[in-house]
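Asks:
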Amino acid sequence: MDIRTITTKRRIQEGLFNLLKVREFTKCNVNEIVEYAEISKRTFYAYYKGKHDLLNTIETQLLKGLKENLAIDREKLTQIKHIPSAEEINKLADIAFNNTIAYCNRNKTAFSGLLSQNGDIYFYKKVVKLGNQEINNRFPYLFQEEMETENSLTLRFIRNIYVHGIIDILVLWGNSNNSIGIDDVKRLLGLVQTKSPVELMKLYQIEMDRFH
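Structural data, given as structure tokens:
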């Protein structure tokens, strides 16, 4: 793929992301996308059949990259030969999500736009599904047994809280305007895996006391 094609596609995608800042995707049309991308409709249709083709292309690429980076990070967990303590799991967040966080950071605009209220609810559901698959894959390394969620309401609840907690942190990070750094995100990912809401609130209060 030549540089001109890459540049044009990037402009079209960025046009969509900028449009999502002010309008819901369901209410967007190609005319608005090309206006924000500053290209012609003819150019748009040279690459995409319509707005849904554009959306599907972006989401497919993002999910593919997310899955690949989660798999790379998961490899670090294969070195664990015992059931880690909560403190160890907390510290593992620094390496267990390292590539994934870097990938999300490189595609921060895309993720924040598509996961926003103006984005695609179905993309959120796809990310949740991928997250559920990932926790199932990681569970044996963290707890030395398979995660049979179908027969356990407790495990299904734990997985739901775990996955949505992590995704929500990434969504909030995407909307933070760079006020939250990567190290902060990793620290929060570690805490959300090991602390209850009550414990997290106590940590928050301690932090507030330090700054006031």
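Numbering (the working numbering), first residue to last: 1111 to 1322.
No residue lacks a Cβ here, since even glycine has one placed at the ideal position from N, Cα and C.
Note that the structure is predicted; figures quoted are calculated from it, not measured.
1) Just checking, does the stretch 1232-1245 make contact with the stretch 1295-1315 on the three C-beta pairs under 8 Å criterion?
2) May I have the straight-line CA-CA distance separating residue 1162 from residue 1223, to the nearest angstrom?
3) Can you give the Cα-Cα distance for residue 1292 and residue 1174, rounded to whole angstroms?
4) Looking at the unbroken alpha helix (DSSP H) that takes in residue 1182, where does it start and where does it end?
5) Is it the case that the Cβ atoms of residue 1284 and residue 1130 are separated by a distance below 8 Å?
6) Looking at the secondary structure, which residues open and close the alpha helix (DSSP H) in which residue 1214 lies?
7) By the 10 Å Cβ neighbour count, where 16 or more other Cβ atoms means buried, how is residue 1158 classified, buried or exposed?
8) I need the straight-line Cα distance from residue 1150 to residue 1172, nearest angstrom please.
9) Can you list, in chain order, the residues of its chain with a C-beta nearer than 6 Å to that of residue 1281? Leave out the 5 residues immediately preceding and following it.
Replies: Answer, in terms of the structure:
1) no
2) 15 Å
3) About 22 Å.
4) 1161-1185
5) no
6) 1208-1216
7) buried
8) 26 Å
9) So the list reads 1225, once near-sequence residues are dropped.
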